[in-house]
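Heads up: the structure comes next, in structure tokens.
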Amino acid sequence: MAALICEIVYRGIFQKNLASRIARGIVLSARKSGRWGIAFGRYGDSPQRNGIPAKDFAIVADSKEELEQNMARYEPKHVDVTICVDDTLSKGVESWAWYGLQPINRLTVPNGTVLMTSLQRFDDLLQDIHKKDAPYQLSLIRAKASFSGLWVYKEDHTEVRILGALAKIAPAFLTLDGVCGAIKEMEWGSDLKVESAKKAYARLETREVKLTEGNAEVPFSFEMPKWWEMREGVTIPAIPLGKPKEAGKGYVPERNPYFKKYTTRTMRPVVNFDTCVKCTLCWIQCPDSCFDVMPDGTYDANMESCCGCGVCEAVCPVENCITMVNESVFEDNASQWEMWRKDKDKYHVWMTEKIGDKKATVRSHGFRFRGQYDEELKRDLDAGGVEITAGIPGENAQHKTV
Amino acid sequence: MAVATKAVPAAAEDKELLISGSEAVAEALTLADIDVVTAYPIRPYDTVMQAIAKKIANGNLVAEYIVAEGEHSQFEIVKHASTVGARVFCGSSGVGWMYAMECLVVTPPLRVPMVALVGNRALDDPGAFGVEHNDALVVRDLGWLLCWIDTSQEALDTTLIAYRVAEDRRVFLPLAISADGAFLTHSQALTMVPPREKVDAFLPRYDRGDLQLHPDNPITVAPQANEDWVIEIRRQNNEAMARAVGVIEEAYADFRRVFGRGPENPWFEEYMTDDAEIILVGMGTISLPIKVAIREMRAKGKKVGLVRLRWFRPFPTDRLVAALSKAQAIGVIDRDYSFGSPFGSGVVANEIRAAMYNASRRPPLLSFICGLGGREVTLEDVNKAADMCYGAAKAGKSDAKTHWLGVRE
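In order, the protein sequences belong to chains P and W.
The opening position of the first sequence corresponds to residue 146 in the numbering used here, with each subsequent residue numbered one higher.
The opening position of the second sequence corresponds to residue 31 in the numbering used here, with each subsequent residue numbered one higher.
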């Protein structure tokens, strides 16, 4: 009697189809060795929102009864394998389905596995992944995050690479033969995909993470009110008006105390305050009102509220004044303006490094221009669907080198 | 006037698919070869309309797929299509189902056998999409046949049975299949899909006979009527609902004969009730945590059982009373509410109280409300309910209250 519980942590819209295919693939692969299984998404996540962290689950078990035993909790409270298909989620998960920020390894059982697609080094990832009170394995498939859309699916073989890796991690449930059989016979019918699964099996990189390792940050959390503490009539207090930044100058709005966007972003804007012309466009156009007005009239993106959509970069009329940069190269959520005010030369060095790293600035949000899907698909398939390129050029990427 | 079914074909085999409850319904609709389907999106029902659209787009099903401009029209369109003889399907969830209310009211008196899927969803406000049963229960007094399903397999099987029952000339009533949002509509499980030959042997063609709108059969449907006519029409409706009991039993028996699976008792599932001291009652996917909790409780010597109600209309009064009256105490867990009702209980608890009134043996009945808005019904919730039932069994009486479980307080 045994069961294998997997969660797939992904980004809404961009990876909804990918996560669903992985969950199905797990069940169908395990079915090849006579296991029972179920695949489902965390319903409350509302994954029809761009980039919002969301979860799918797959449970496979030796018998139907064992399966029921593990499904009695609709959202599993512990998982054997946490699969994460975007490494910016290593900073944690704050979805629509619950409140507060969950470390990516929160549900992973002691000595379980966090399996991630990433081009980062183990040590860099462990600066973001929160500390856990038990050791676990961190396994990496060398790949960039696979993003597509709600109505299109990017055939870059990420789903079968994950399955191949799982055959290495949990061979008692998913044999490599079972995975290959499921890929070929049940779901995709592709020899190329079978090869990708086998290569991922062979190339999987794994290292143990010790108790002492990881990000020591205490994740954002709060306690939800009792029923009699809540205001009646489905009514909530408005967010109060904001205050001047300092000495009667600037403006900092109050923000939602229950929901932060720390983990919604895959990129964040880096601002060059020296070239800012104070035109107000980023401040007005930001759909999340994330910009604080500084006393000098420049605008500072507040990381509590920035969802990383890139609208500010698109509307900014000044070349290189706002540049979207891969979230994974940042260590904290501190104010850029404060850093700039404190030491302008040091800030310039920091900013130049961030926006000059092409690997970090070309991270895609998904498909931004017509034909991008075809271009990338061809490139991925020409490389056997296996080899990894440095990144995907976004629509603004070409002129973003300093 | 029993429906004569054909012999079961020998060679045909089922195929196993990994599909959600919604996709299982779409598989059944394809097998039933429906003619007209109307759609208007609302979560979680929308997963069904997507699955049907895919079936049609892939050429597996030939049917009129009409996207209405709202639920009111959605249900009106299939009502009319059904009167001209089309096999129809539609569905909705939560306040979408409420928006169709006028059409939901008129279908039973017109004796339109539409089959609808209600993806159970909390009614607004607050805007939420988790499961509550109040949406489907709103039509409980109107002449709709109402049932609740638990698994993808039951979703597929019940959809086939639904057409057989609703389109039986002795019944001709609309039928709503309720599926818990998320837990069933969005979870993919291994499901056996039968071949077309078996379905053809089980499900006859829809024949509206003298009620069919057709130039060769000139009739007027739904003329205005005064008090000289109305109560007789209601009396007819009541008779059709009463006749549905026998038709449902017949359909399940035939389903077992043709497909080689399905329950002997159509009305409710009994789990470990033979020797049960405490019987818990619920509808839909709530059965899963209850069954697992029961297995754990039994390992500790507590004899608890479950009755999972499948059919709510017609309500299986006699059989249910017989099953429940042997317990020492009954605990009804409602995934709905009925504010201001007797004891403030949920709908199912009060129906069962009413059903038990004439029983010769009436065990104490405890009423629980749990899992509203899609909140998980936990093993702790079930254990708590069972323990309270044991208390009532010991005292020999219930506390005449309703207990809310899993609320922050």
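Glycine included, each C-beta is placed from N, C-alpha and C at the ideal position.
Everything numeric in this text was worked out from a predicted model, so none of it was measured.
Selection from the options that minimises the alpha carbon distance to residue i
i       : options                               : result
C435(P) : Y281(P), I158(P) and D445(P)          : D445(P)
G139(P) : V254(P), W485(P) and I197(P)          : The shown model of chain P, from 146 to 547, leaves out residue 139(P), and the question about it has no answer.
Y401(W) : R365(W), L153(W), D417(W) and G374(W) : First, the amino acid is wrong: residue 401(W) is Gly here, not Tyr. Answer by Cα proximity: R365(W).
G326(P) : V154(P), S174(P) and K489(P)          : S174(P)
C427(P) : K344(P), R410(P), F404(P) and C451(P) : C451(P)
A353(W) : S390(W), A81(W) and M327(W)           : S390(W)
F119(W) : D154(W), K431(W) and A83(W)           : A83(W)
A158(W) : G404(W), A423(W) and D411(W)          : G404(W)
K394(P) : T506(P), T408(P), P440(P) and K209(P) : P440(P)
K45(W)  : T77(W), I316(W) and M222(W)           : M222(W)
W341(W) : I96(W), W178(W), A81(W) and K85(W)    : W178(W)
T233(P) : T380(P), M412(P), I328(P) and K489(P) : M412(P)
E368(P) : V135(W), I49(W), R438(W) and G173(W)  : R438(W)
Contact with chain P by residue i, beta-carbon distance below 8 Å
i       : result
A87(W)  : no
G370(W) : no
G121(W) : no
K414(W) : no
V449(W) : The question about residue 449(W) has no answer here: the residues shown for chain W are numbered 31 through 439.
R151(W) : no
E439(W) : yes
P24(W)  : Residue 24(W) lies beyond the stretch modelled for chain W, which goes from 31 to 439, so this question has no answer here.
S428(W) : no
S217(W) : yes
L318(W) : yes
G160(W) : yes
L186(W) : no
L147(W) : no
L409(W) : yes
CB contact below 8 Å: residue i versus chain W
i       : result
A217(P) : yes
F418(P) : no
F512(P) : A caution first: F512(P) carries a pLDDT of 48, below 50, which makes its placement in the model unreliable, though a value can still be read off. No, because no Cβ of chain W sits closer than 8 Å to the Cβ of F512(P).
Y444(P) : no
E213(P) : yes
K371(P) : yes
C151(P) : no
Residue j beta carbon less than 8 Å from that of residue i
i       : j       : result
A116(W) : D65(W)  : yes
P139(W) : N267(W) : yes
G149(W) : P234(W) : no
S284(P) : L321(P) : no
M313(W) : R343(W) : no
P319(W) : L396(W) : no
E476(P) : G453(P) : no
P432(P) : V470(P) : no
H493(P) : N360(P) : no
A152(W) : S208(W) : no
V108(W) : T68(W)  : yes
Same chain, Cβ closer than 7 Å to residue i, neighbours up to 5 away in sequence not counted
i       : result
E304(P) : L163, R166, I167 and G170
Y346(P) : G309, A310, A312, K313 and L321
H102(W) : Y129, A130, E132 and C133
A274(W) : L175, V195, V201, L203 and P344
Cβ of residue i within 8 Å of any chain B Cβ
i       : result
A279(P) : Annotation note: the requested chain B is absent from the structure, which comprises protein chains P and W.
8 Å Cβ cut-off: residues of chain P touching residue i
i       : result
S52(W)  : Chain P residues near S52(W): none, gap ~12 Å exceeds 8 Å.
E406(W) : R218, Y219 and E220
Close Cβ partners of residue i (< 6 Å) along its chain, the five nearest in sequence each way excluded
i       : result
G442(P) : K423
V412(W) : P319, I320 and A323
E399(P) : I384, P385 and G387
Y236(W) : R117 and E197
Partners in chain W for residue i, counting only beta-carbon separations shorter than 7 Å
i       : result
Y346(P) : Under the 7 Å cutoff, chain W gives no residues; its nearest Cβ is about 22 Å from Y346(P).
Sequence-distant residues of its chain with Cβ nearer than 8 Å to residue i (five each side left out)
i       : result
S366(P) : Y244, G245 and L246
V224(P) : I150, C151, E152, F202, L252, T253, V254 and G257
G511(P) : Below a pLDDT of 50, predicted positions are generally treated as unreliable, and G511(P), at 49, falls in that range; the measurement from the model is reported next regardless. Closer than 8 Å at the Cβ level, and outside the excluded window around G511(P), lie I158, F159, N195, F292, S293 and G294.
Contact set between residue i and chain P, taken where Cβ atoms lie within less than 7 Å
i       : result
H433(W) : Simply none; closest approach about 14 Å.
H102(W) : Ordered by position in chain P, no residue passes the 7 Å Cβ test against H102(W), which lies about 25 Å from the chain.
Closer than 9 Å at the beta carbon, the chain W residues around residue i
i       : result
R176(P) : E46, L48 and L220
R169(P) : L48 and Q218
W241(P) : Simply none; closest approach about 11 Å.
Under 9 Å by beta carbon: chain P residues contacting residue i
i       : result
F213(W) : F185, Y188 and Y219
Proximal residues of chain W, C-beta to C-beta of residue i below 8 Å
i       : result
K161(P) : The contacting residues do not exist; K161(P) stays about 12 Å from chain W at best.
D295(P) : The residue you asked about is not Asp; residue 295(P) is Leu in the sequence shown. Residues of chain W passing the Cβ test: none, with the nearest at roughly 12 Å.
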